[in-house]
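Student: The opening residue of the sequence shown carries number 1319 in the working numbering; numbering runs sequentially from there. Pasting a structure below so you can have a look.
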Amino acid sequence: MLTIYGDSISGNCLKVKFVCDRLGIAYRWIETSVLKGETRTPEFLGMNPAGQVPTVKLSDGRVLSQSNAIMLHLAEGSDLIPSDAYERALMFQWLFWEQYSHETVIAVRRFHKTYLKKADADIDPALLPKGERVLAVMNDHLARHRYFVGGKLGLADIALVAYTRWADQGGFDLARAPRVQDWIARVEQDLGLARAA
Ligand SMILES: N[C@@H](CCC(=O)N[C@@H](CS)C(=O)NCC(=O)O)C(=O)O
């Protein structure tokens, strides 16, 4: 059986859980707290020298890390990945954007504010305007699309929803991106999740 080493406060980790639950993949979840240093033990570093969750151990013992790589592997051949080559490339476009421009802003500000409990003045001031731009890009895209790629739920939506649904915890005002709010509700319903905000 698949084993997921994940921290429940991490959107990156929940992405993997969402894909498994959606596709009916059985798994064992090993709660691994970043704040408690559980990703820095010799045992964990032996499995993933980068010391990060999510990390999964496949049923044959092979290990894989990086949330989007894990999702891609688990969802191979499913309808969460478009079969059309151009749409598949669009999915990758959003997955790379999510890791480079979205997660590094929305998730990072949330972590500093909610978990490290920093005052706003002690958080990189560039993160707030960057995050507002990120939400505006998503809001504009959703003016023309119900889902990010191909008109139905896919990995791009799962990757992006993971931290967007918690953006308020990073001090971002989702009310300024109403189409993003509607899309979050749609994806949460598809994934059977309780409303985050
Ligand atoms: N790009 C990686 C990011 C992984 C990551 O930053 N994980 C965090 C939790 S969300 C972590 O393990 N942090 C501990 C550390 O980097 O020391 C992914 O998508 O999986």
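Glycine is no exception: its CB is placed at the ideal position from the N, C-alpha and C atoms. Please read all numbers here as calculations on a predicted model, not as lab measurements.
Relative to the C-alpha of residue 1513, which residue among 1482, 1400 and 1436 is closest?
Tutor: Position 195 of the sequence shown, counted from the first residue, corresponds to residue 1513. Nearest option by C-alpha distance: 1482.
Student: Excluding sequence positions up to five away, which residues of its chain have a Cβ less than 7 Å from the Cβ of residue 1319?
Tutor: Counting from one through the sequence shown, the residue named residue 1319 turns up at place 1. Result list for residue 1319: 1344, 1345, 1346 and 1377, in chain order.
Student: Tell me the DSSP secondary structure of residue 1405 in three-state form.
Tutor: Taking the first residue of the sequence shown as 1, we reach residue 1405 at position 87. Three-state result, residue 1405: helix.
Student: How do the segment 1395 to 1404 and the segment 1446 to 1464 stand: do at least 3 beta-carbon pairs fall below 8 Å, yes or no?
Tutor: No: fewer than three Cβ pairs fall under 8 Å.
Student: To test your reading of the DSSP string, which unbroken alpha helix (DSSP H) runs of 4 or more residues are found completely within the segment 1458 to 1488?
Tutor: DSSP runs (the alpha helix (DSSP H)) wholly in the segment 1458 to 1488: 1473 to 1482.
Student: May I ask you to report which of helix, strand or coil DSSP gives residue 1455?
Tutor: On the sequence shown, residue 1455 is found 137 positions in, with the first residue counted as 1. The answer is helix: DSSP assigns residue 1455 an H, G or I state.
Student: Just reading off the alpha helix (DSSP H) that residue 1502 is part of, what are its end residues?
Tutor: For the purposes of this step, residue 1502 is taken as residue 184 along the sequence shown, with counting starting at 1. Looking at the DSSP string, the run of the alpha helix (DSSP H) that includes residue 1502 is 1496 to 1509.
Student: Output the boundary residues of the beta strand (DSSP E) element that contains residue 1399.
Tutor: The residue you call residue 1399 lines up with position 81 of the sequence shown. First-last for residue 1399: undefined, no H or E at that position.
Student: May I have the straight-line CA-CA distance separating residue 1504 from residue 1374, to the nearest angstrom?
Tutor: Here the question's residue 1504 lines up with position 186 in the sequence shown. Here the question's residue 1374 lines up with position 56 in the sequence shown. Their backbone Cα atoms lie some 28 Å apart in a straight line.
Student: Ends of the alpha helix (DSSP H) at residue 1364?
Tutor: On the sequence shown, position 46 is the one that residue 1364 refers to. Taken as a continuous stretch (DSSP letters only), the alpha helix (DSSP H) holding residue 1364 covers 1360 to 1365.
Student: Touching or not, the segment 1430 to 1443 and the segment 1465 to 1479, by the rule of three or more beta carbon pairs under 8 Å?
Tutor: Flag = no, the segment 1430 to 1443 and the segment 1465 to 1479 do not touch.
Student: Going by C-alpha distance, which of 1330, 1338, 1369 and 1419 is nearest residue 1321?
Tutor: The count along the sequence shown starts at 1 and reaches residue 1321 at position 3. Nearest option by C-alpha distance: 1338.
Student: By DSSP's criteria, residue 1290 is part of a beta bridge. Which residues make up the other side?
Tutor: The requested residue 1290 is not part of the displayed model; the chain covers only 1319 to 1515.
Student: Given a threshold of 16 other Cβ atoms within 10 Å of its Cβ, counted over all protein chains shown, does residue 1323 qualify as buried or as exposed?
Tutor: Here residue 1323 refers to the residue found at position 5 of the sequence shown. Buried.
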